[in-house]
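For the sequence shown, the UniProt record's numbering assigns the number 1 to the initial residue and increments by one for each residue that follows.
All remarks here apply to the structure that follows.
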Amino acid sequence: MNTGKQQKPVLTGQRFKTRKRDEKEKFEPTVFRDTIVQGLNEAGGDLDAVAKFLDVTGSRLDYRRYADTLFDVLMAGSMLAPGGTRIDDGDKTKVTEHCMFRTEENHTAVRSYAQVNSFIIIIIIIIMQNGSGVNCAQIVVYVKEEMKKNDLQEQAVIGLLWTCLMNAVEWNKKEELVTEQALKHLKHYAPLLAVFSTQGQSELVLLLKIQEYCYDNIHFMKSFSKIVVLFYKADVLSEEAILKWYKDAHAAKGKSVFLEQMKKFVEWLQNAEEESESEGEDN
Numbered sequence: 001m002n003t004g005k006q007q008k009p010v011l012t013g014q015r016f017k018t019r020k021r022d023e024k025e026k027f028e029p030t031v032f033r034d035t036i037v038q039g040l041n042e043a044g045g046d047l048d049a050v051a052k053f054l055d056v057t058g059s060r061l062d063y064r065r066y067a068d069t070l071f072d073v074l075m076a077g078s079m080l081a082p083g084g085t086r087i088d089d090g091d092k093t094k095v096t097e098h099c100m101f102r103t104e105e106n107h108t109a110v111r112s113y114a115q116v117n118s119f120i121i122i123i124i125i126i127i128m129q130n131g132s133g134v135n136c137a138q139i140v141v142y143v144k145e146e147m148k149k150n151d152l153q154e155q156a157v158i159g160l161l162w163t164c165l166m167n168a169v170e171w172n173k174k175e176e177l178v179t180e181q182a183l184k185h186l187k188h189y190a191p192l193l194a195v196f197s198t199q200g201q202s203e204l205v206l207l208l209k210i211q212e213y214c215y216d217n218i219h220f221m222k223s224f225s226k227i228v229v230l231f232y233k234a235d236v237l238s239e240e241a242i243l244k245w246y247k248d249a250h251a252a253k254g255k256s257v258f259l260e261q262m263k264k265f266v267e268w269l270q271n272a273e274e275e276s277e278s279e280g281e282d283n
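Right, here's the structure in full:
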């Protein structure tokens, strides 16, 4: 892929700040570094665990504000001073060996780390350049190129795109207003998500991501079913995936609340399916 003059994809039309629920956490470069280093060290050499940590942490920490620090840690294991020397004060707790520069010098290991870093690079590019007007079609082209180049699977990409989209907005703190704001935002980017939710497993990953987000961000608790219905109407989520999630694929987090929210819509889906089968038999 020629990256020399290629315009990077971005999300448009939103400005954002740290969520109110995260304001108590001290967002300084060294604190950010320590959090990332600790997570990478706990994940060890398990790249699936590394990818999961970076994905989940992306909904809590400000990757946009501390992008330079994030890149330093992923590449060199700690923060870098001008000239490339590490800023770790000789403290091993401020350094991770699980970074690109410390990866075993073989193709498989380096490629695996490149995959994990590509996930995060996609997120940072989309969030950091917020507002320059690139549309969904341009984002699709870019993400597909990254998938092909790094052999990324759709199930991983759909979850990270969701995280990215939800990080790109300064959400209203009033529960009665945030749902409308979220639906407007997600409706615009539904075509993007639809491209990367063509498999049943990808749809379930997205449903679980939505469930997790709405549970972790309490002002979204009442938004879950409306987001799912929006994605159903936009052909992001299929009837089969929604019914599967409802029956036995949902997570434990907030399940009683979300299952109750979805009850009437699921009943409608089931009745529509029965009517369709009945019409087929009559014909």
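Every residue gets a Cβ at the ideal spot worked out from N, C-alpha and C, and that includes glycine.
Note that the structure is a prediction, hence the values are computed from the model and not measured.
| Asked | Found |
| --- | --- |
| Checking the sheet assignment: what are the DSSP bridge partners for residue 87? | 79 |
| From this set, 168, 160, 74 and 87, which residue's C-alpha is nearest residue 207's C-alpha? | 160 |
| Can you give the Cα-Cα distance for residue 79 and residue 37, rounded to whole angstroms? | 10 Å |
| Is it a yes or a no for the region 214 to 228 touching the region 161 to 175, going by three-plus beta-carbon pairs under 8 Å? | yes |
| How many angstroms separate the CA atom of residue 92 from the CA atom of residue 85? | 15 Å |
| What residues in its chain sit with their C-beta under 7 Å from that of residue 245, if we drop five residues either side in the sequence? | 204 and 207 |
| Who are the Cβ neighbours of residue 44 in its own chain at under 6 Å, not counting the five residues just before and after it? | none |
| Between the alpha carbons of residue 74 and residue 271, how many angstroms are there, rounded? | 50 Å |
| Spatial neighbours of residue 61 within its chain, please: C-beta separation below 7 Å, excluding the five flanking residues on both sides. | 32 and 35 |
| Only counting runs of 4 or more residues, tell me where the alpha helix (DSSP H) segments fall wholly within the region 151 to 191, in order along the chain. | 154 to 167 |
| By how many angstroms is the C-alpha of residue 156 removed from the C-alpha of residue 197? | 10 Å |
| Rank 234, 170 and 214 by C-alpha distance to the C-alpha of residue 195 and give the top, closest one. | 234 |
| Hey, how far is the Cα of residue 147 from the Cα of residue 69? | 25 Å |
| Roughly how many angstroms separate the alpha carbons of residue 232 and residue 192, rounded to a whole number? | 14 Å |
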